[in-house]
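For reference, the structure discussed in these notes is given below.
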Amino acid sequence: MSAKTILVVDDESHILHVVSLKLQNAGFNTITAADGDEGLEAALATSVALVITDYQMPTMTGLEMARRLHKEPGKRDLPIILLTAHGLALEQIELAQAGIACCLSKPFSPREILGKVHSLLAEAEKVPAAVPQ
Amino acid sequence: MRPAEIRVLATSVVAVCVSVAAASGLVVHRGAADFSAMAPSAALLGLAALSVILGFIAFRRDWLAHLKRMLAEVQASVAASGETSPAVQRDRIVGPVVADVRDQVTRMRTQIQELQVQRKNLEIQLRLADAQRRQSETMINGISDAMLVTNGFDELALANPAAAELFEFSLATSIRKPITEMLGSSRLAADIADLRTAPSRSNRRSWETVLPCNGVQRHFEVTMTCVMDGADQFSGVVTVLHDITREKEVSKMKSDFVSHVSHELRTPLSSIKAYAELLVDGEATDDKTRQEFYHVIQGEADRLSRLIDNILNISRIESGMTRVNKKAISLTAVLKEVLEVAMPSARDKQITLVDQIVPAFFQIEADRDMIYQAALNLISNAIKYTPAGGTVKVSASADEGKGEVTMLVADTGVGIPPDAMKHLFEKFFRVEQHKNMAKGSGLGLNLTRQIVETIHKGRMIVESTLGKGSTFGFALPILP
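Going down the list, the protein sequences come from chains A and B.
One rule links them: number in the numbering used here = place in the first sequence (from 1) + 1085.
One rule links them: number in the numbering used here = place in the second sequence (from 1) + 20.
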C-alpha cells in the first residue's frame, strides 16, 4: 500500500519544514505550499489525502482556501486541519461551514498534529467517498 | 371744647328750655284764651328756638375746632411716634378712639417691619436662586455631553449647546417645542416617552446607540433619568448623550493590538516548540539536522526577543514612559557604526552597501541609542527587500537653511505599491506581496517613526517606485 500524500500550507518556512519532517518520519509523503493560491493549485494537481494549512497567509486565509477546495469536484470530503495563531478567535460555525475537520492553536505540538492526521485519515477511510451525481 | 365752655353752653340751653316750658305752660294753663292773647307767648317761643339754633351752631363750631385740635395732636403724636398728649388722653370721647388708633398703628407698623424683613429675605433668596441658575446653566452649557430636559408633555424644557449641535436645532427657538421636532427620526423621542409613561419612573436607563453626526456614524452612551419634584411628582426626563466613539476606537485598537501581538508571538514560539519536540523525540537523526534545528530555535528565539523589545519600546514611547537621554551627538558617527553592523548581512545577500556619508560633523541633540535603532531599522529593511545583486546607499547631509540634518537610505529593491504607502507606519503592517521576502513583525517602521517624530520632533522621509526601489530616511533639527 503506497504512502498517503499530505499537503502542508504555511508562509513560515520553518513551520513547513518541521511539520513535513514529522509526517515524513511517520511514513507520509508531503508536498508544501507557501500561500493559499499555491495550496489550492497543489491540492487540485495532486491526489492528497489530507491538508494541513495555516490560517493567516498572503493572498487568502486558510479558511478561504478550505472553502474553495471543498467546492471542487471530488474534494468535498477532503479532511483539512487548520493551524491558527489567533487562539480561540475563530467561530466554530465558521470553521464548520468551511469544512475544517480540526483546528489546532499555535504553538502546536508536532505529535498532536500527527495524532490528528492518523485519526482523520482513519475516519475518512470508514466513510465511503461521495459519488458525484 | 373746654369744660367751662360746655358749662356755659349747657346753662344757655337750660334757660331756653325753661322759657319754652314756661310759655307752653301758660298756653296750656289758659286753655281757651283767645288767639291774640297768645302772641307774646309765640314770640317768646320763637326767641327760645332761635337761641337753641344759635347755641347749636356755636356748639358745633366749638366742637369741630376741638376735634381739629385733637386730630392735630393725634397726628403729631403718631407722626413723632411719641406719647399721646394728656389732653387727648383725658378726652372721654376722643381718648379711647385715639388709643385704639394708636394700637392699630403700632400693630401695622410691626407688620410693615416684618413684611420689609420678609421682602429683603425674598430678594436675597431670589438673587441667590438667580446666581445658582446662572451657575447651573454655565455648567450645563460647559459640558461636552449633549443634554436635553423634557417636560411632562415631551416638550423641550432645557438643552445645552452640545445637544443643539448634535441634533442641529436652535436653542433660542426650540424651548417648549415637541422633542420629536429636535430628535428627528432617531428612536430617542420614543424612548423618552416610554420612560415617562413607564410604571416605575424612578428607573434610570442607560444603553449604547449609534447616531449620525456631521455625516459620520458615532457611538453614544445614552442615559435617561426621570426627574421627580419635592412632592414625588414627575417633572421631566433628563437625557444625556456621552460620545464614546473614541473609547470604542481605542478599545478596538487595543483588541487588534493584542490579537496582532499574540499572533506575532505565537509564530516564532511554534517553531521553537516544534523543533525542540523533534529534538527531544530523537527525530533529528544526524548532527547536521540537529545543528540546523538548534539554529532555527536560536533564530526564532532572537526573533521573539526583538519582537518583545519592539512592542515594549513602542508602548513606552506611546505612553510617555520611555527614558530619553538626549545630548549633543554626531549623526555621521552613529551612521558609520550602523553601517559596520549591517555590512555582514548585506555581504551575505550579495548586496552592495555604499557609504555616501560626507565627512562633516553634523551635531544633533538626540538619544544616541534610539537614533542608532532608527537608522539600523531603515538600513536592515533596505537590505531585506532588495534582491541579491542590488545596491543600498546610505547618505547624510545638512541643510543649514532649513536647520536640519537628513539621513537617507536608497535601495534598488522591490519598491512599495502605491496603495500600501499610507499604511507603511501602521503597527504590524506588512506589504502583502513582499511578506515572503523576509521575516518581520511590521513594527520596525512604526518604532522608527515614533523615535524620529515623537521623541526627536523630526520627520520621516519616504519615496518609492514599485519594482525600482525605495528611499527611506529622516530629518532631525540641527544643533546651532
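All C-beta atoms in this analysis are idealised placements derived from N, C-alpha and C, irrespective of residue type, glycine included.
- A straight-line Cα-Cα distance of about 18 Å links glutamate 1149 of chain A and glycine 1159 of chain A.
- Scanning chain A for C-beta atoms nearer than 8 Å to the C-beta of leucine 289 of chain B yields Lys1191 and Pro1192, reported in chain order.
- Secondary structure of methionine 341 of chain B (DSSP, three-state): coil.
- In the same chain as glycine 1112 of chain A, and ignoring 5 residues on each side of it, the C-beta atoms closer than 7 Å to its own belong to Ala1088, in chain order.
- Residues of the region 432-450 of chain B that bring their beta carbon within less than 7 Å of a beta carbon in chain A are absent altogether.
- Distance from the CA of proline 379 of chain B to the CA of leucine 351 of chain B, rounded to the nearest whole angstrom, comes to 11 Å.
- Comparing C-alpha distances from glycine 1124 of chain A to each of A:Thr1146, A:Gly1184 and A:His1203 shows the shortest one belongs to A:Thr1146.
- The Cβ atoms of alanine 440 of chain B and proline 1192 of chain A lie no closer than 9 Å to each other.
- Glutamate 320 of chain B reaches chain A at His1099, counting residues in chain order whose Cβ is nearer than 9 Å.
- By the rule that beta-carbons nearer than 9 Å mark a contact, asparagine 456 of chain B touches chain A.
- The beta-carbon distance between valine 414 of chain B and valine 374 of chain B, rounded to whole angstroms, is 7 Å. This is short enough to meet the 8 Å contact definition.
- Within 10 angstroms of the beta-carbon of lysine 347 of chain B lie fewer than 16 other beta-carbons, which makes it exposed.
- Annotated three-state conformation of lysine 346 of chain B is strand, per DSSP.
- Within the region 401-489 of chain B, complete beta strand (DSSP E) segments of at least 3 residues are found at 411-419, 424-431 and 479-485, given in chain order.
- Residue contact with chain B for alanine 1118 of chain A: absent (no Cβ-Cβ distance below 9 Å to any residue of chain B).
- Only Ser279, Ser282, His283, Glu284 and Leu285 from the region 274-285 of chain B bring a Cβ to less than 9 Å from some Cβ of chain A.
- The closest CA to that of glutamine 1182 of chain A, considering only A:His1155, A:Leu1168, A:Pro1195 and A:His1171, is found on A:His1155.
- DSSP, read as helix, strand or coil, puts leucine 70 of chain B in helix.
- At a cut-off of 9 Å, the C-beta of aspartate 301 of chain B has a neighbouring C-beta in chain A.
- Contact with chain A is found for lysine 293 of chain B, since one of that chain's Cβ atoms lies less than 9 Å from the residue's Cβ.
- For glycine 256 of chain B, the three-state secondary structure derived from DSSP is strand.
- Between the region 190-204 of chain B and the region 269-281 of chain B there are fewer than three inter-stretch CB-CB distances shorter than 8 Å, so the stretches are not counted as touching.
- The beta carbon of arginine 1153 of chain A lies closer than 7 Å to those of Leu1125 in the same chain, with the five residues before and after it left out.
- Within the same chain, and ignoring the five residues on either side of arginine 479 of chain B in sequence, the residues whose Cβ sits closer than 6 Å to its Cβ are Ala495.
- Not one beta carbon of chain B lies nearer than 9 Å to the beta carbon of arginine 1161 of chain A.
- Restricted to the region 85-153 of chain B, the alpha helix (DSSP H) segments that are unbroken, complete and at least 4 residues in length are 106-110, listed in chain order.
- Secondary structure note for asparagine 1114 of chain A: its beta strand (DSSP E) is the uninterrupted segment 1114-1118.
- By the neighbour-count criterion, in which a residue is buried when 16 or more other Cβ atoms sit within 10 angstroms of its Cβ, leucine 203 of chain B is buried.
- Selection B:Lys268, B:Pro232 and B:Ala218 evaluated against methionine 244 of chain B yields B:Ala218 as nearest (Cα-Cα).
- Chain-order list of chain A residues neighbouring leucine 298 of chain B: Val1103, Leu1106, Lys1107 and Pro1195, by C-beta distance under 7 Å.
- Histidine 1099 of chain A is classed as buried because its beta carbon has at least 16 other beta carbons within 10 Å across all chains shown.
- With a beta-carbon spacing of about 18 Å, glutamate 420 of chain B and isoleucine 481 of chain B fall beyond the 8 Å limit used to define contacts.
- Under a 10 Å Cβ-count criterion, aspartate 389 of chain B is classified as exposed, with fewer than 16 other Cβ atoms of the shown protein chains found around its own Cβ.
- Taking C-alpha positions only, arginine 139 of chain B is separated from glutamate 269 of chain B by approximately 57 Å.
- The beta carbons of leucine 465 of chain B and leucine 444 of chain B sit closer together than 9 Å.
- Here DSSP, grouped into helix, strand and coil, assigns threonine 287 of chain B to helix.
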